[in-house]
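In the numbering used here, the protein residues as written are 1190 to 1687.
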């Protein structure tokens, strides 16, 4: 379909195409909902096809690149495709299709307001996510990173309720303050030290910074990339749970948090460089902070009765896996970090889809309300079980594959702290996921209390077909990637030259 385009044209169109779809959505507006949503679906499908068309050349070692414009002498907005960016772009564009299908069912069934604005903001968010994925330098990444934050703010505050506005302020405040206060400073420091901002295999810092400067610059990057949700820069994530479930899926699986951990891995591999960090003793703190985040967030998740908040703190913990894997600095663990981005995307979007389906069909939001719901919603809860098993890291799900590589890298580097964290957090993950599955399928549904006037749709079944179809597709992907992980593994290995 896109064979007549050059690679440079394909790169530019990959960023622009979602925006074109957004214009079509705006033009159609509320006049014709069917055509508006068709435009969203067609745009998502075309975007994935466009991004996927670059995969073959990247697999064969090519690095397509195009310079868009020069902001100032020596500083350009440049798009370049490398293996990690290819992987992230495929995830974002591919899951956008499924999320759009899900959103149509969710938004219609729940009679959500401002649906046109919702779909428009989605297109801008995906455009900026692809821009982050294909960023050829730190300046480009920073620009698209900020656009992603701003474009998702209206999605977080979508309902317009007081709690949504409050959550949106926390979301925007933390992400903007960390990126401007820390990340921008790190970018300026890097440029001052090296004279370049280009992402380069092996890193660009070399011996230009040493000793405590390594720790200080690493601190600015890791906490400046607030979307990675390292503690204590994580409160924006549970605060954003006031958003509609398709937005939660966008935040936790498709774009926002993936942009965070993607940026962390990219900075470690292409700015610092593994060889530099292995010989330095000033970056070890990141391993321990990531480990602390994994365990602490898991403990907090264990105590949450609200299902979406439990999933939110689970996300904080799972992002910690990616950061810890990158901090181990072994080629195997870097592969594991990239694979866990994939595993978390499919597993967590499935879990949030299931949570939204439960709410739509039954209006239940609490874990304590889910006894016996598996009998009423077997497809939804079966998909939830698959997503949960992947987050725990059990076969036959892709979460097992990513954890296998992370553990292998930890053992290679004799990082027994990391191994202990993975073992402990796996047990904690099982502790807050398995009881939900057990209650859904093996406990009897609780009768409503006499003074309970909240509509729980006692005679409900599954959610609308579009929602169930979407969550079944992502659950299937979680299983399929266990048996057929070759493509993401190939891109992950290429990241470390394997």
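From the three backbone atoms N, C-alpha and C, an ideal C-beta is built for every residue, glycine too.
Problem - Rounded C-alpha distance that separates residue 1146 from residue 1199 - result: Nothing about residue 1146 can be reported from this structure: the residues present for the chain run from 1190 to 1687 only.
Exercise for the section: With a cut-off of 8 Å on the beta carbons, I'd call residue 1625 and residue 1525 a contact; round off their distance for me. Expected result: In fact, because the Cβ distance is near 26 Å, the residues do not count as touching under 8 Å.
Problem - Through-space distance from residue 1325 to residue 1401, alpha-carbon basis - result: 28 Å
Handout entry: Three-state class that DSSP yields for residue 1511 in the structure shown
Key = helix
Handout entry: Distance, residue 1500 Cα to residue 1618 Cα
Key = 11 Å
Practice task
State the DSSP-derived secondary structure class of residue 1270, mapped to helix, strand or coil.
Solution key: coil
Exercise for the section: Starting from residue 1254, follow its DSSP beta bridges and name the residues at the other end. Expected result: 1269
Practice task
Taking all protein chains shown into account, decide if residue 1535 is buried (16 or more other Cβ within 10 angstroms of its Cβ) or exposed.
Solution key: buried
Problem - 8 Å Cβ cutoff met for residue 1225 and residue 1305 - result: yes
Problem - Residues near residue 1490 by beta carbon distance below 7 Å, same chain, minus five either side - result: 1499, 1502, 1503, 1506, 1621
Practice task
Rounded to whole angstroms, what's the CA-CA distance from residue 1258 to residue 1197? Just pull it up for me.
Solution key: 13 Å
Exercise for the section: Tell me whether residue 1518 sits in a helix, a strand or coil according to DSSP, three-state version. Expected result: coil
Handout entry: Contact check, residue 1591 vs residue 1532, beta carbons under 8 Å
Key = yes
Practice task
For the segment 1190-1256, list the alpha helix (DSSP H) runs that are entirely contained and at least 4 residues long, ordered along the chain.
Solution key: 1196-1217, 1222-1241, 1244-1248
Exercise for the section: Look at the alpha carbon of residue 1419 and the alpha carbon of residue 1470, and state the distance between them as a whole number of angstroms. Expected result: 21 Å
Practice task
State yes or no: is the C-beta of residue 1517 within less than 8 Å of the C-beta of residue 1598?
Solution key: yes
Problem - Within 8 Å, strictly: CB atoms of residue 1557 and residue 1476 - result: no
Problem - Coarse secondary structure for residue 1683, derived from DSSP in three states - result: helix
Problem - Touch test, the segment 1308-1328 against the segment 1450-1468, Cβ-Cβ under 8 Å, three pairs minimum - result: yes
Handout entry: Simplified DSSP assignment, three categories, for residue 1618
Key = helix
Problem - Straight-line gap, residue 1245 to residue 1577 (C-alpha atoms, nearest Å) - result: 32 Å
Problem - Under the three-state DSSP convention, the category residue 1491 falls into - result: helix
Practice task
Alpha carbon to alpha carbon, how far is residue 1571 from residue 1664? Give it in angstroms, no decimals.
Solution key: 9 Å
Exercise for the section: Decide if residue 1398 is buried, meaning its Cβ has at least 16 other Cβ atoms within 10 Å, or exposed. Expected result: buried
Handout entry: residue 1387 in three-state terms, based on DSSP
Key = strand
Practice task
Identify whether residue 1419 lies in helix, strand or coil by the three-state DSSP scheme.
Solution key: coil
Exercise for the section: For residue 1377, name the three-state secondary structure that DSSP assigns. Expected result: helix
Exercise for the section: Please name the residue in 1661, 1404, 1545, 1203 whose C-alpha comes closest to that of residue 1466. Expected result: 1404
Exercise for the section: Could you name the residues that DSSP lists as bridge partners for residue 1326? Expected result: 1387
Exercise for the section: For residue 1275, I'd like the list of residues in its chain whose CB is within less than 7 Å of its CB, leaving aside the five on either flank, ordered along the chain. Expected result: 1243, 1244, 1247, 1680
Practice task
Could you check if residue 1425 is buried or exposed, using at least 16 other CB atoms within 10 Å of its CB as the buried criterion?
Solution key: buried
Exercise for the section: Taking only the alpha-carbon atoms, compute the straight-line gap between residue 1346 and residue 1338 and give it to the nearest angstrom. Expected result: 13 Å
Handout entry: First through last residue of the alpha helix (DSSP H) which encompasses residue 1579
Key = 1567-1581
Exercise for the section: Determine the extent of the alpha helix (DSSP H) in which residue 1671 is found, giving its start and end residues. Expected result: 1654-1672
Practice task
Taking all protein chains shown into account, decide if residue 1448 is buried (16 or more other Cβ within 10 angstroms of its Cβ) or exposed.
Solution key: buried
Problem - When 1372, 1540, 1587 are compared against residue 1675, the one with the closest alpha-carbon - result: 1587
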